[in-house]
Amino acid sequence: MKVCVDLGATNIKSSLIKDGKILRLTSTPTVTTNGLSGIVESLKASIDAFMQEGVRAVCISSAGKIDVATGKVVFATENLPGYTGFDIRTWVWETYRLPCVAVNDGLAALLGEIALTEEYRTKKTVMLTFGSGVGGAYAVNGVLKADESNDFAHFGHLPILENGEPCNCGKRGCAEQYLSGRGINRQAAELGIGKDRIFAEKAKGNERAQELFDKLKTYLIKTLKEIEKTSPFDICILGGGVVDGMGDTFEEFANCDGFDIRKAKAGNAAGMLGAEYLGRNLL
Ligand SMILES: [Zn+2]
Numbered sequence: 013m014k015v016c017v018d019l020g021a022t023n024i025k026s027s028l029i030k031d032g033k034i035l036r037l038t039s040t041p042t043v044t045t046n047g048l049s050g051i052v053e054s055l056k057a058s059i060d061a062f063m064q065e066g067v068r069a070v071c072i073s074s075a076g077k078i079d080v081a082t083g084k085v086v087f088a089t090e091n092l093p094g095y096t097g098f099d100i101r102t103w104v105w106e107t108y109r110l111p112c113v114a115v116n117d118g119l120a121a122l123l124g125e126i127a128l129t130e131e132y133r134t135k136k137t138v139m140l141t142f143g144s145g146v147g148g149a150y151a152v153n154g155v156l157k158a159d160e161s162n163d164f165a166h167f168g169h170l171p172i173l174e175n176g177e178p179c180n181c182g183k184r185g186c187a188e189q190y191l192s193g194r195g196i197n198r199q200a201a202e203l204g205i206g207k208d209r210i211f212a213e214k215a216k217g218n219e220r221a222q223e224l225f226d227k228l229k230t231y232l233i234k235t236l237k238e239i240e241k242t243s244p245f246d247i248c249i250l251g252g253g254v255v256d257g258m259g260d261t262f263e264e265f266a267n268c269d270g271f272d273i274r275k276a277k278a279g280n281a282a283g284m285l286g287a288e289y290l291g292r293n294l295l
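Under the working numbering, think of the first position of the sequence shown as 13, with each following residue one higher.
Structure, rendered in structure tokens:
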């Protein structure tokens, strides 16, 4: 049995997982007002909730850049003040005398899909998460592949449009500017379509929504072609709030130029299931 945690800047979810199945689940707000001590207190409460006889390991999916080899937070934004440099694995050992794995939540999301779908364990898979930003991850035969900086989050910052929108990364025309929830809402607003309404409007037959929908598909294809250059893949898994909001339009969205595109299945539990999967392989 493992306690698995998904630590985000707003909430910490935790669960008790046995043989890949979630037995119990809870969620608690992340206290970020006291710097690291508040975050650690929230983390401890979320683990304590399931600390019982038979727990053998703690598996953590976390926001920020996490070094899987050491279990340390390499970098976290100001959304998690003081978190950069925190040694998750050592803290778990000192607190619970249990082994621990820790992994970035975007990477854990792909591992969560791999945990649920056996086929992905013998394929090259790429995952794109369309949320407030665009996250990415890449795995070969079910094993995360790391580039030099051990970070595939940059898939969202691949350039897809010359002289496009400026991005907070300093470049222009990044995929994130067109395929993130914010990016899509900006483009929709230019066409007079309301916030988060594009897919519903497209389903109703709104021509302007259809136009943007088709444009988004070309942006996805451009992004996938960029990814292919460095990370050849068989299957692309799409997840995140934007994809959840596509409803029945997903099928048409995913029918893209011969790419094999699938919808993520793990939903909110992806991070925890992915961390558990990593624990299965590493612990
Ligand atoms: Zn960018």
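Here a beta-carbon is modelled for each residue, glycine too, at the ideal position from N, C-alpha and C. Quick caveat: nothing in here was measured; it's all calculated off a predicted structure.
query: Can you name the residues that DSSP bridges to residue 114?
result: In the DSSP output, where bridge partners are listed per residue, residue 114 has 72.
message: Can you give me the C-alpha to C-alpha distance between residue 58 and residue 129, rounded to a whole angstrom?
response: Roughly 28 Å between the two C-alpha positions.
task: For residue 39, write down the residues that DSSP places opposite it in a beta bridge.
output: In the DSSP output, where bridge partners are listed per residue, residue 39 has 25.
task: Could you have a look at residue 225 and say whether DSSP puts it in helix, strand or coil?
output: Assigned with DSSP and collapsed to three states, residue 225 falls in helix.
task: For residue 183, verify whether its CB is less than 8 Å away from any heavy atom of ligand 3.
output: With respect to ligand 3, the structure offers nothing, as its ligand set consists of ligand 1.
- request: Would you check whether ligand 1 has a heavy atom nearer than 8 Å to the C-beta of residue 180?
  value: Within the cutoff, so yes.
message: By the three-class DSSP mapping on this structure, what secondary structure does residue 205 have?
response: Looking at residue 205 - three-state DSSP - the assignment turns out to be coil, as it is neither helix nor strand.
message: Among 237, 14, 218 and 285, whose alpha-carbon lies nearest the alpha-carbon of residue 172?
response: Measuring from the Cα of residue 172, the nearest candidate turns out to be 237.
- request: Evaluate residue 25 with the Cβ neighbour count: other Cβ atoms within 10 Å of its Cβ, from every protein chain shown; 16 or more gives buried, anything less gives exposed.
  value: Classification for residue 25: buried.
message: How far does the alpha helix (DSSP H) with residue 272 in it extend, from its first residue to its last?
response: For residue 272, no alpha helix (DSSP H) encloses it; the enclosing beta strand (DSSP E) starts and ends at 272-275.
query: What are the start and end residues of the alpha helix (DSSP H) that includes residue 139?
result: Premise fails: residue 139 lies in the beta strand (DSSP E), 136-142, not in any alpha helix (DSSP H).
Outcome for residue 181 when other beta-carbon atoms lying within 10 angstroms are tallied against a minimum of 16: In the assembly as shown, residue 181 is an exposed residue. Its beta-carbon has fewer than 16 other beta-carbons within 10 Å.
- request: Find out if the Cβ-Cβ distance for the pair residue 167, residue 235 is shorter than 9 Å.
  value: Less than 9 Å divides the Cβ of residue 167 from the Cβ of residue 235.
- request: To the nearest angstrom, report how far apart residue 219 and residue 32 are at their CA atoms.
  value: Each residue's alpha carbon lies about 44 Å from the other.
6 Å Cβ shell around residue 113 - same chain, five flanking residues per side excluded: Hits under 6 Å: 71, 290, 291 and 294.
message: For a test of the three-state rule: what should DSSP assign to residue 162, helix, strand or coil?
response: Caution applies to residue 162, whose pLDDT of 48 falls short of 50 and renders its modelled position unreliable; the value that the coordinates give is listed next. In the structure shown, residue 162 sits in coil (DSSP, three-state: anything other than H, G, I, E or B).
task: Compare the beta carbon distance of residue 82 and residue 68 with 9 Å and say whether it is the shorter of the two.
output: No, they are not a contact pair.
field: Residue from 268, 227, 247 and 275 with nearest C-alpha to residue 259
entry: Ranked by Cα distance from residue 259, the options 268, 227, 247 and 275 are led by 275.
- prompt: What first and last residue would you give for the alpha helix (DSSP H) that runs through residue 214?
  reply: Judged by DSSP secondary structure, residue 214 falls within the alpha helix (DSSP H) whose first and last residues are 210-215.
- prompt: Quick one: what's got a C-beta closer than 7 Å to residue 93's C-beta in the same chain, skipping five residues either side?
  reply: Within the same chain, residue 93 has close Cβ partners 44 and 47.
message: Let's see if you can read the secondary structure: which residues bound the alpha helix (DSSP H) around residue 77?
response: Bounds of any alpha helix (DSSP H) do not take in residue 77; it lies within the beta strand (DSSP E) bounded by 77-79.
Cα-Cα separation, residue 84 to residue 153: Roughly 25 Å separates the two Cα atoms.
query: In this structure, what does DSSP give as the bridge partners for residue 152?
result: Answer by DSSP bridge pairing, in chain order: 136 and 155.
- request: Under 8 Å by Cβ, that's how I've got residue 185 and residue 202 pegged, so tell me the actual separation to the nearest angstrom.
  value: Not really, about 16 Å apart at Cβ, beyond 8 Å.
field: Cβ distance (whole Å) where residue 253 is taken to contact residue 18 below 8 Å
entry: Cβ-Cβ separation between residue 253 and residue 18: approximately 15 Å, too far for a contact (criterion under 8 Å).
- prompt: What's the gap between the Cα of residue 206 and the Cα of residue 192?
  reply: Rounded to the nearest whole angstrom, the CA to CA distance from residue 206 to residue 192 is 16 Å.
- prompt: What number of angstroms, rounded off, separates the C-alpha of residue 228 from the C-alpha of residue 270?
  reply: Answer to the nearest angstrom: the Cα atoms are 16 Å apart.
task: Pull up the distance between the alpha-carbon of residue 240 and that of residue 136, whole angstroms please.
output: If you take the alpha carbons of residue 240 and residue 136, they lie about 11 Å apart.
- request: Keeping to the same chain, check which residues put their C-beta closer than 7 Å to that of residue 111; ignore five residues upstream and five downstream.
  value: Cβ neighbours of residue 111 beyond the five flanking positions: 69 and 295.
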